[in-house]
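Asker: I am attaching a structure below and will ask some questions about it afterwards.
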Amino acid sequence: MQTTINKALRAQLQQPALRLKNALEQELDHLLHWWAGNLTDEQHGGFYGRIDGHNRIHPTANKGVLLNTGLLWAFSIAGRTCQSPVYRSLADRAWYYIQAHFIDDVEGGVFRELDFRGAPIRTQKQVDSQAFSIYAFSEYYRLSGNRETLRLAQEIFFLLERYSFDKEKSGYLEALSREWMRLDAKENAVKTLHTHLHLLQAYTNLYRVYPDPSVRDALRALIRCFIDQFIDPQSWHLRLHFDADWTNISTTISFGHDLAVSWLLTDTATVLGDASLLNQCREIAVAMTRACRAEGVDNDGGFFYERVPGQYTDHGKYAWVQSEAVVGLLNAFQIRQEAEMFLAAQRSWDFIERAIRDKDGGTWHRKVNREQVPVRSEDKVGSGHSTYHHVRALTEGIERINTFL
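If you use my numbering, the sequence shown corresponds to residues 784 to 1188, in order.
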């Protein structure tokens, strides 16, 4: 999104924007250096499955597909944007390990989790795992031009459309068996914001490299699903969980998901090239971002994780939520050109730099408490989480600032 701002606003923000851009670039280098230097599993291949909050490596920890595809995505975008042979090599390493161990050659798709030796131990088809594979494979294709990654991304897309998409009531089911059969609703929430968010970002990245009408139509339907079902037009927060008939079964507000969806919707509409849809998504993005700022920010500048009516359920600050805040606020600034939105993004970054970034141990703490003390019981690296939120915030932030400098 190219941003044209007036001379007075440019003069006001040019120096703060340059400082923020430089800080993001330096942190991107520091962050990637840590992940590049600490995760390689030379004995069993690929990457370690766990580094705890005390920086201890657990070499026999299980290896999750969300971690490994997150690494593939992060090293791929780093290899492409930083033009680094080191990150290209690590992206290759991630891809070849995924190809050898996570791909289900019998039923299609990817396994959710392996043991540390690379044998599958959780084989059901969790849809967020399949979606994140599409997201990562598409990004690796943008770096490498490897046709097999694109073929697999396409294959998983069509499997999800065949088996996960609810053709009667729209939306996507949360989880399926290894053989792509529907699971008992008691075992899994039926339709969730989390899954649809991952599908939105995955299909958008796929459309960048495979602009097929089937992907375009799926993206349009997903945006419609967000507007009609997930976004509450009174509160401008997201509804998180539904049953099969789209009955809302949750009252929780998740500020990180709100902020992520706000900018991902505009990103998708931009990629689709639909001006009318983009204008609608921009209005929604600003409304959602304003609601988060009004209700989700603590006095120290950090965003809370969740709240239910009348109270916050967790006063701690998660790194991924702060990451999405930086991008969501910059996106709102680009749309409205209000200096306060840019300064709010700066404050979110200041909080990350002050409280989230581990200046001694490297990378970022996954969570700090309200007193900004790291919660060491939270792993830095784990089966279900990687550095993709952090790397994405940095690369998106740099790219967005470049549009108005």
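Backbone N, C-alpha and C fix where the C-beta goes; we use that ideal spot for every residue, glycine too.
Nearest-angstrom Cα distance between residue 1115 and residue 1019?
Answerer: Reading the sequence shown from its first residue, position 332 is the one you call residue 1115. Reading the sequence shown from its first residue, position 236 is the one you call residue 1019. So the two alpha carbons sit approximately 14 Å from each other.
Asker: Are the Cβ atoms of residue 918 and residue 932 separated by less than 8 Å?
Answerer: Translated into positions along the sequence shown, residue 918 becomes position 135. Translated into positions along the sequence shown, residue 932 becomes position 149. Cβ distance not < 8 Å, so residue 918 and residue 932 don't count as in contact.
Asker: Report the rounded CA-to-CA distance for residue 895 versus residue 1038, giving the unit in angstroms.
Answerer: One-based indexing of the sequence shown puts residue 895 at position 112. One-based indexing of the sequence shown puts residue 1038 at position 255. Approximately 26 Å, taken between the alpha carbons.
Asker: Going along the chain, which residues of its own chain have a beta-carbon closer than 8 Å to the beta-carbon of residue 952, five neighbours each way excluded?
Answerer: Working through the sequence shown from its first residue, we reach residue 952 at position 169. Hits under 8 Å: 1027, 1028, 1029.
Asker: Tell me, which residues are paired with residue 1031 by DSSP?
Answerer: Taking the first residue of the sequence shown as 1, we reach residue 1031 at position 248. Its beta-bridge partners are 1025.
Asker: Mind checking whether residue 990 and residue 1002 have CB atoms under 8 Å apart?
Answerer: Your numbering for residue 990 matches position 207 in the sequence shown. Your numbering for residue 1002 matches position 219 in the sequence shown. Contact flag set, yes.
Asker: To the nearest angstrom, how far is the alpha carbon of residue 888 from that of residue 1144?
Answerer: Residue numbering aside, residue 888 sits at position 105 when the sequence shown is read from its first letter. Residue numbering aside, residue 1144 sits at position 361 when the sequence shown is read from its first letter. Answer to the nearest angstrom: the Cα atoms are 39 Å apart.
Asker: Please check the pair residue 1168 and residue 850, which I expect to be a contact at CB under 8 Å, by giving their CB distance rounded to whole angstroms.
Answerer: Locating residue 1168 in the sequence shown gives position 385, where the first residue counts as 1. Locating residue 850 in the sequence shown gives position 67, where the first residue counts as 1. Confirmed, about 7 Å.
Asker: Secondary structure at residue 799, three-state DSSP: helix, strand or coil?
Answerer: Translated into the one-based positions of the sequence shown, residue 799 becomes position 16. Reduced to three states, the DSSP call for residue 799 is helix.
Asker: Hey, would you say residue 856 sits closer than 8 Å to residue 1146, going by beta carbons?
Answerer: Counted from its first residue, the sequence shown places residue 856 at position 73. Counted from its first residue, the sequence shown places residue 1146 at position 363. Against a cut-off of 8 Å, the Cβ pair of residue 1146 and residue 856 comes out as no contact.
Asker: Which one of 937, 1112, 984, 1178 has the shortest CA to CA distance from residue 1055?
Answerer: Stepping through the sequence shown from its first residue, residue 1055 is reached at position 272. Comparing Cα-Cα distances from residue 1055 to each of 937, 1112, 984, 1178, the minimum goes to 984.
Asker: Under 8 Å by Cβ, that's how I've got residue 926 and residue 871 pegged, so tell me the actual separation to the nearest angstrom.
Answerer: Here the question's residue 926 lines up with position 143 in the sequence shown. Here the question's residue 871 lines up with position 88 in the sequence shown. Yes, residue 926 and residue 871 are in contact; Cβ-Cβ is about 7 Å, under 8 Å.
Asker: Since residue 1108 contacts residue 1086 with CB under 8 Å, what's their CB separation in whole angstroms?
Answerer: Your numbering for residue 1108 matches position 325 in the sequence shown. Your numbering for residue 1086 matches position 303 in the sequence shown. Indeed they touch by this definition, with Cβ atoms about 5 Å apart.
Asker: CB-CB under 8 Å to residue 1047, same chain, minus the five flanking residues each way: which ones, in chain order?
Answerer: To locate residue 1047, count along the sequence shown from 1; it is residue 264. Excluding positions up to five away in sequence, the list reads 980, 983, 984, 987.
Asker: Let's see if you can read the secondary structure: which residues bound the beta strand (DSSP E) around residue 946?
Answerer: Taking the sequence shown and counting its residues from 1, the one referred to as residue 946 is at position 163. Where residue 946 is concerned, there is no enclosing beta strand (DSSP E), although the alpha helix (DSSP H) it sits in stretches over 930-946.
Asker: Can you give the Cα-Cα distance for residue 942 and residue 891, rounded to whole angstroms?
Answerer: Stepping through the sequence shown from its first residue, residue 942 is reached at position 159. Stepping through the sequence shown from its first residue, residue 891 is reached at position 108. Taking the straight line from one Cα to the other gives about 8 Å.
Asker: Using the beta-carbon count (16 or more within 10 Å), is residue 1007 buried or exposed?
Answerer: Walking along the sequence shown from the start, residue 1007 turns up at place 224. So residue 1007 ends up on the exposed side.
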